[in-house]
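Here the sequence shown is numbered in the numbering used here, starting from 129 and rising by one per residue.
Every residue, glycine too, gets a C-beta built ideally from N, C-alpha and C.
Predicted model only: the values in this text are computed from it and were never measured.
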Amino acid sequence: MTKASDFFSRDYADARKRFTEAAKAAGFTPERFMNSKAKGPRSEELSTDVVRIGPKNAENVIFVTSGTHGVEGFCGSGPQVGWLATGVYKEAPKNTAIVLIHAINPHGFAHERRVNEDNVDLNRNFRDHGTPPPHNTAYAEIHNLLIPADWDGQARKKADEDIAKYIAVRGERTFQAAVSTGSGNMPTGSFMVAKARSGRIRPGAGSSASTPPARAASCSSISTPGSAPMAIAK
Ligand SMILES: [Zn+2]
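Right, here's the structure in full:
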């Protein structure tokens with residue numbers, strides 16, 4: 129008997145293989161959208177793969193994406209593969225199409241990071257790009273604590289102490305809100321909203337190559353000094 133865990137993958141490349149193979153086995157032709165700007169940790173090619181199921185003129189379309197926050201791609205990919213492998217998609221109502229978008233942020237998925245290759249948090253990037261990006265005052269106040277001048281030395285130690293003080297005075301919820309709202313328009317900030325649709329921002333502006341991995345790189349948990357890892361917002 130098939131177990132749900134059979135549909136989950138070890139890494140991005142494994143997930144992509146499972147997704148495309150399950151799609152082909154079910155009679156679909158996945159469409160591949162290459163990410164020409166980045167590679168995976170083993171220099172593997174990165175792509176977003178899409179399968180469209182159902183009538184072309186469907187009245188309703190269900191979009192199911194995975195990996196908007198790259199590191200969460202593991203949990204999103206599993207159900208997408210499972211839907212294809214077990215035929216769950218056949219249970220969609222009449223006049224309903226399904227679009228499975230696998231690894232919308234393949235760089236983040238492959239590198240197990242929340243953000244994409246531009247240090248952009250895609251889940252903060254769905255906005256009106258005709259308006260200026262928000263400045264997050266609460267984030268700016270703690271930016272240097274989240275991303276200290278060094279990662280292992282004195283600056284890190286001081287930053288950890290200051291985070292502990294901040295939380296002691298203002299509470300974990302305030303800290304969590306300041307972190308997870310996103311760094312607005314700060315290109316080296318964590319959870320950057322970005323100045324433009326990601327993929328169009330200028331090379332070098334917040335490129336992950338020059339940006340230290342944000343302390344809060346994973347969406348699912350964040351470690352804070354003196355406290356158990358706490359969940360932060362989606
Ligand atoms: Zn998330």
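- Judged by DSSP secondary structure, Leu-228 falls outside any alpha helix (DSSP H) and instead within the beta strand (DSSP E) spanning 224-230.
- Distance from the CA of Phe-135 to the CA of His-239, rounded to the nearest whole angstrom, comes to 20 Å.
- Short of 8 Å from the beta carbon of Thr-130, and not among the five residues preceding or following it, lie these beta carbons of its own chain, in chain order: Ala-213, Thr-214.
- In this structure, Ile-229 lies away from Phe-202, with their beta-carbon atoms at least 8 Å apart.
- Scanning its chain for C-beta atoms nearer than 6 Å, with the 5 sequence neighbours on each side dropped, one finds around Ala-277 the residues Ala-283, in chain order.
- Fully enclosed alpha helix (DSSP H) runs of no fewer than 4 residues occupy 201-214 of the stretch 157-234, in order along the chain.
- One alpha carbon belongs to Val-199, the other to Gln-304, and they sit about 19 Å apart.
- As computed with DSSP, Met-320 is found in a beta bridge with Val-248.
- Fewer than three beta-carbon pairs drawn from the stretch 247-259 and the stretch 179-194 are found closer than 8 Å, and the two stretches are therefore not classed as touching.
- Using a Cβ distance threshold of 8 Å, Ala-153 and Ser-194 do not count as a contacting pair.
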